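Structure first, commentary second.
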Amino acid sequence: MWMAILMVGVVFLFLLNLTTGSVSIPFQGVGKILLGWETGMSTWENIVIKSRLPQAITALIAGSALAVSGLQMQTLFRNPLAGPAVLGISSGASLGVALVLLIVSSISGIAMGASGALGDVGVTIAAFLGALGVLALIMLAARYTSSNTVLLIIGIMIGYASSSLVGILKFYSTAADLKSYVIWGLGSFSNLTLPELPFFAVTLVLLMLVSLFLIKPMNLYMLGENYAQNLGANVKMIRVLMILASGFLVAITTAFTGPIAFLGLAVPHITRNLLMSSDNRLLLPGVILTGAAVALLCNFIARLPGFEGALPINSVTSIIGAPIVIWVILKQKGGV
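So in my numbering the end of the sequence shown lands on 348, straight run, no missing numbers.
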């Protein structure tokens with residue numbers, strides 16, 4: 013029942029994202045535009061096709077990807093407060109962007125944040141390479157330690173080191189470059205253009221499909237490493253595949269949207285409580301739908317009429333995610 017409700021909710025929120033904004037477009041008008049029928053309103057067509065449709069698709073896919081990554085990290089570390097950022101991959105992406113916006117801009121004298129499409133591509137590539145650099149370090153560390161706790165600490169330390177370097181770069185940067193970096197760090201589902209959308213969508217959907225093949229190994233891993241090994245599971249391979257799948261999901265999402273807070277941490281808990289299950293055969297499809305629904309809801313709230321422009325997406329996700337994290341902590345302590 014909940015899966016069916018989530019599916020309907022995703023479709024409804026997707027259409028709501030296409031109709032709502034500074035210009036209100038009726039459902040009938042959106043339907044005609046999506047079907048390619050004439051509406052007689054070229055302004056509506058431009059708004060839906062060039063702005064709202066890419067933004068809604070980005071929110072849908074990014075929310076699902078971060079939710080899957082969060083579930084994998086919580087399963088891997090058996091820690092309810094683990095999330096996509098726990099291995100420092102988001103921090104690596106932030107460092108890559110900081111190097112481009114705060115150093116390259118100063119050396120070249122060209123503000124990347126104000127360079128239009130070329131600057132956007134440069135920032136996206138920098139974020140992706142920074143995230144991949146940290147992922148490579150995590151994979152290297154995974155070869156030399158079998159302890160997930162050690163791996164978790166290494167990821168957190170890499171995150172702290174990246175944040176420290178970013179802080180130094182920010183201290184010596186100009187006001188214009190710093191503003192560009194801060195805006196990127198607020199996160200946005202509106203960064204992607206139509207030409208970039210197919211790569212973003214296809215890559216993340218394929219990675220999520222690969223994650224579906226990890227359902228059985230994830231269930232075994234939840235029982236404990238020794239128990240899973242006794243049942244014939246290759247624990248090291250499971251760990252490597254989960255880190256790779258989660259890492260690439262975070263790297264690609266962060267590269268195109270900036271760091272999106274709380275979705276990957278909060279959505280798995282929302283899904284567990286909706287489905288009343290810890291079985292990944294239900295949870296993984298569930299977090300894909302719930303992540304899409306929550307991301308679309310946040311994007312809808314951020315673009316409600318009355319706000320000047322759109323609110324930073326991280327402001328909205330944090331308002332929703334922070335109470336859930338507090339509730340999880342209290343529940344773990346027996347307070348709820």
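Glycine included, each C-beta is placed from N, C-alpha and C at the ideal position.
Quantities reported herein were computed from a predicted structural model and do not represent experimental measurements.
Leaving out five residues before and five after residue i in sequence, what residues of the same chain have Cβ atoms less than 7 Å from its Cβ?
i: residue 229; result: 245 and 250
i: residue 157; result: 163
i: residue 25; result: 305, 308, 309 and 312
i: residue 226; result: 253, 254 and 257
i: residue 197; result: 106, 270 and 271
i: residue 85; result: 94, 95, 96, 98 and 258
i: residue 154; result: 163, 251, 252 and 255
i: residue 331; result: none
Of all the options the options, which has the alpha carbon lying nearest to the alpha carbon of residue i?
i: residue 294; options: 224, 277, 255 and 243; result: 224
i: residue 4; options: 268, 101, 256 and 195; result: Residue 4 lies beyond the range of the chain shown here (13 to 348); nothing can be said about it.
i: residue 315; options: 22, 21, 35 and 13; result: 35
i: residue 105; options: 77, 144 and 33; result: 144
i: residue 343; options: 92, 38, 147 and 241; result: 92
i: residue 138; options: 335, 339, 270 and 296; result: 270
i: residue 351; options: 253, 61 and 95; result: Residue 351 lies beyond the residue range present for the chain, which begins at 13 and ends at 348; the question has no answer from this structure.
i: residue 176; options: 296, 72 and 103; result: 103
i: residue 97; options: 152, 296, 174 and 300; result: 174
i: residue 74; options: 231, 218 and 16; result: 218
i: residue 14; options: 187, 336 and 288; result: 288
i: residue 247; options: 296, 337 and 160; result: 160
i: residue 212; options: 232, 195, 193 and 140; result: 140
i: residue 195; options: 241, 296 and 322; result: 322
Exposed or buried, which one is residue i when buried takes at least 16 other CB atoms within 10 Å?
i: residue 99; result: buried
i: residue 221; result: exposed
i: residue 326; result: buried
i: residue 48; result: exposed
i: residue 58; result: exposed
i: residue 262; result: buried
i: residue 285; result: exposed
i: residue 172; result: exposed
i: residue 55; result: exposed
i: residue 265; result: buried
i: residue 418; result: There is simply no residue 418 to check, as the chain begins at 13 and stops at 348 in what is shown.
i: residue 135; result: buried
i: residue 147; result: buried
i: residue 239; result: exposed
i: residue 210; result: exposed
i: residue 236; result: exposed
i: residue 214; result: exposed
i: residue 133; result: exposed
i: residue 243; result: exposed
i: residue 352; result: Given a span of 13 to 348 for the chain in the structure shown, any question on residue 352 remains unanswerable.
i: residue 60; result: buried
i: residue 296; result: buried
By Cβ distance, which residues of its chain are closer than 6 Å to residue i, with the 5 residues on each side in sequence left out?
i: residue 185; result: 114
i: residue 70; result: 201 and 204
i: residue 5; result: Given that the chain is displayed from residue 13 to residue 348, the structure contains no residue 5 and the question cannot be resolved.
i: residue 142; result: 104, 105, 107 and 108
i: residue 231; result: 292
i: residue 241; result: 247
Output needed for residue i: all residues of its chain with C-beta closer than 8 Å, excluding positions within five of it in sequence on either side, in chain order.
i: residue 234; result: 87, 90, 290 and 292
i: residue 150; result: 99, 100, 101, 163, 166, 167, 170, 255 and 259
i: residue 51; result: 41, 44, 45 and 57
i: residue 302; result: 18, 79, 279, 282, 283 and 286
i: residue 348; result: For residue 348, the pLDDT reaches just 45, beneath the cut-off of 50, and the residue's location in the model is therefore unreliable, leaving the point undetermined.
i: residue 317; result: 32, 33, 34 and 36
i: residue 72; result: 22, 26, 304, 307 and 308
i: residue 76; result: 216, 220, 299, 300, 301, 303, 304 and 307
How about residue i: is its C-beta nearer than 7 Å to some C-beta of chain B?
i: residue 86; result: In the structure shown, chain B cannot be found, because there is only a single protein chain.
Inset, instruction - Scan the region 144–222 and note each continuous alpha helix (DSSP H) run of 4 residues or more that stays entirely inside, going in chain order. - result: Correct list: 160–183 and 187–197.
Inset, instruction - May I ask you to verify whether the region 272–288 touches the region 76–92, counting CB pairs closer than 8 Å and requiring at least 3? - result: Yes, they touch.
Legend entry - Cβ pair count under 8 Å reaching 3, the region 198–209 against the region 61–76: Yes, they touch.
Legend entry - Uninterrupted alpha helix (DSSP H) stretches inside the region 41–126 (no shorter than 4 residues): Those alpha helix (DSSP H) runs which fall completely within the region 41–126 and span 4+ residues are 54–58, 65–89, 101–110 and 117–120.
Inset, instruction - Could you tell me whether the region 99–114 touches the region 170–181, using the rule of 3 or more Cβ pairs below 8 Å? - result: They touch, by the three-pair rule.
Inset, instruction - Indicate whether the contact test is met: 3 or more Cβ pairs, each with one atom in the region 326–344 and one in the region 40–56, closer than 8 Å. - result: Cβ pair count under 8 Å is below three, so no.
Legend entry - At least 3 beta-carbon pairs within less than 8 Å: the region 308–317 vs the region 17–31: Under the 8 Å Cβ criterion, the region 308–317 counts as touching the region 17–31, having at least three qualifying pairs.
Legend entry - Every unbroken alpha helix (DSSP H) inside the region 266–313 [4 residues or more]: Taken in chain order, the unbroken stretches of alpha helix (DSSP H) that lie wholly in the region 266–313 and span 4 residues or more are 275–287.
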